[in-house]
Amino acid sequence: MKTVTLSTLQAFKRAGEPFSCLTAYDASFARAASAAGIEVLLVGDSLGMVLQGHASTLPVTLDDICYHTRCVARGKGASLLMVDLPFMSNASTERLLTDAGALMRAGAELVKVEGEAWMAGGIRELTRRGVPVCAHLGLTPQTVYQLGGYKVQGRNAEQASRILEDARTLVEAGASVILLECVPASLGRAVSEALEVPVIGIGAGPDVDGQILVMHDVLGVTHGRTPRFVKDFLAGADDIHSAFRHYHEAVKGRQFPAEEHCF
Ligand code: KIV
Ligand code: NA
């Protein structure tokens, strides 16, 4: 695989070719995912749940994320490395800039931040300083206690148009990528069609530009209730390497997500 950059993702979007993304937390799995052709690796704050065993992503610290970013950066190969800003990095613009700087120094190539239209100011300051941003909308796990649980977002027309408007605002502010989590497939499609920038979906239907899953879910190591959008690619595969390859090929061939994975 040629080195994946933001330009590569934009070219995929223009060509109508979907791309695959997967979370990674260490060098070995990053190497395996990259070797399978997965274009984007995310050091997600989901590590608080899948690695640390917490019930949410809130306990994850900047140091935790930096540690895992350094590990993944050593194994990432040609994949693009996206990294989550942890809970409360957006407490102030100054903190946002400092925290994003730490992630970039640890090896991030794109930072992901949760937040609605009000994040526009912070995103503008980051992009001005050369830090590319992915804005995460829809179900934002850092606000789970306010949302009252991990629930599908944008179900009614008013909520859906608000998410679309927020996405537009954040792209205008400089966001290079949008990530949509747990929204109806129709909204995933509308946001992708409305925007020039790549839109990555998780539980956002088939008509977005890229798909992402948590690595543990792809390998069938899901704890508790299995979300609808998840697929275990290790079931029926010979080993982890072929599971990653099957996931990548299913995304590229538009076989994943299927109807049963969508809202
Ligand atoms: O932390 C994470 O793994 C994420 C993905 C689910 C998009 O943010
Ligand atoms: Na996250």
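Note that the working numbering numbers the sequence shown so that position 141 is 122, with each residue one more than the last.
For every residue, glycine included, the Cβ atom is placed at its ideal position computed from N, Cα and C.
This one's a predicted model, so the numbers in the text were calculated from it and none came from an experiment.
Residue i at chain C interface by Cβ criterion, 7 Å
{"i": "Leu62", "result": "No chain C appears in this structure, which consists of one protein chain only."}
Neighbour-count burial assignment, residue i, 16 or more Cβ in a 10 Å radius
{"i": "Gly182", "result": "buried"}
{"i": "Ala185", "result": "buried"}
{"i": "Gln127", "result": "exposed"}
{"i": "Val(-15)", "result": "buried"}
{"i": "His173", "result": "In the sequence under discussion, the amino acid at residue 173 is Ser, which differs from the His named in the question. Result: buried."}
{"i": "Ser142", "result": "exposed"}
{"i": "Glu162", "result": "buried"}
{"i": "Lys132", "result": "exposed"}
{"i": "Asn137", "result": "exposed"}
{"i": "Asp219", "result": "exposed"}
{"i": "Ser(-12)", "result": "exposed"}
{"i": "Asp44", "result": "exposed"}
{"i": "Ala171", "result": "buried"}
{"i": "Gly(-3)", "result": "exposed"}
Run of the alpha helix (DSSP H) containing residue i, from where it starts to where it stops
{"i": "Arg104", "result": "At residue 104 the sequence reads Ile, which differs from the Arg that was named. Start and end: 101 to 109."}
{"i": "Leu77", "result": "74 to 87"}
{"i": "Val232", "result": "221 to 233"}
{"i": "Val152", "result": "138 to 154"}
{"i": "Gly169", "result": "166 to 175"}
{"i": "Gln123", "result": "Neither: Gln123 is in no alpha helix (DSSP H) and is coded neither H nor E."}
{"i": "Thr198", "result": "The sequence given here has Asp at residue 198, not Thr. Here the alpha helix (DSSP H) through Asp198 covers 196 to 199."}
{"i": "Ala11", "result": "8 to 16"}
beta-carbon residue i near the ligand KIV non-hydrogen atom, thresh 6 Å
{"i": "Gly25", "result": "yes"}
{"i": "Cys183", "result": "Per the sequence shown, residue 183 should be read as Ile rather than Cys. Indeed, a heavy atom of the ligand KIV lies less than 6 Å from the Cβ."}
{"i": "Asp65", "result": "yes"}
{"i": "Thr42", "result": "no"}
{"i": "Val114", "result": "no"}
{"i": "Val211", "result": "no"}
{"i": "Ile144", "result": "no"}
{"i": "Ile46", "result": "no"}
{"i": "Ile193", "result": "yes"}
{"i": "Thr207", "result": "no"}
{"i": "Thr4", "result": "yes"}
Given residue i as reference, the closest of the options once Cα atoms are compared
{"i": "Phe68", "options": "Ala81, Ser9, Ser60", "result": "Ala81"}
{"i": "Thr108", "options": "Val152, Ala72, Val(-15), Ala148", "result": "Val152"}
{"i": "Glu241", "options": "Asp219, Thr207, Ala54", "result": "Thr207"}
{"i": "Val189", "options": "Val232, Lys132, Arg105", "result": "Val232"}
{"i": "Ala36", "options": "Arg105, Asp26, Asp44", "result": "Asp26"}
{"i": "Phe0", "options": "Gly217, Gly205, Gly191", "result": "Gly191"}
{"i": "Ala148", "options": "Ala83, Pro179, Gly129", "result": "Pro179"}
Residues near residue i in its chain [Cβ-Cβ closer than 8 Å; skip 5 each side]
{"i": "Leu200", "result": "Asp213, Phe214, Leu215, Ile221, Ala224"}
{"i": "Ala14", "result": "Leu3, Ala5, Leu22, Ser60, Met196, Phe225"}
{"i": "Thr150", "result": "Ala98, Ala101"}
{"i": "Thr42", "result": "Pro67"}
{"i": "Met(-18)", "result": "Ser15, Gly18, Glu20, Gly58, Ala59, Ser60"}
{"i": "Glu106", "result": "Thr74, Leu77, Leu78"}
Span of the beta strand (DSSP E), counted from its first residue to its last, around residue i
{"i": "Asp45", "result": "No beta strand (DSSP E) contains Asp45, which is instead part of the alpha helix (DSSP H) from 43 to 56."}
{"i": "Met30", "result": "No beta strand (DSSP E) holds Met30; the alpha helix (DSSP H) holding it covers 28 to 31."}
{"i": "Val(-11)", "result": "For the sequence presented, residue -11 should be read as Thr rather than Val. Segment -13 to -4 is the alpha helix (DSSP H) holding Thr(-11); no beta strand (DSSP E) there."}
{"i": "Ser1", "result": "0 to 4"}
{"i": "Cys115", "result": "114 to 119"}
{"i": "Glu95", "result": "91 to 95"}
{"i": "Val24", "result": "21 to 24"}
{"i": "Met(-18)", "result": "Taken as a continuous stretch (DSSP letters only), Met(-18) belongs to no beta strand (DSSP E), as it is neither H nor E."}
{"i": "Leu61", "result": "61 to 65"}
{"i": "Val158", "result": "158 to 162"}
{"i": "Val178", "result": "No beta strand (DSSP E) contains Val178, which DSSP labels as neither H nor E."}
Sequence-distant residues of the same chain with beta carbon closer than 7 Å to residue i, five excluded per side
{"i": "Gly102", "result": "Thr74"}
{"i": "Val211", "result": "Leu194, Asp198, Thr203"}
{"i": "Val112", "result": "Ala81, Met85, Val92"}
{"i": "Gln123", "result": "Thr38, Leu39, Phe68, Glu95"}
{"i": "Gly135", "result": "Gly119, Ala141, Ile144, Val164, Pro165, Leu168"}
Beta-carbon proximity list for residue i, same chain, < 6 Å, skipping 5 on both sides
{"i": "Leu66", "result": "Asp80, Val92, Val94"}
{"i": "Gly56", "result": "Ala8, Ala11, Arg12"}
{"i": "Leu160", "result": "Cys115, His117, Ile181"}
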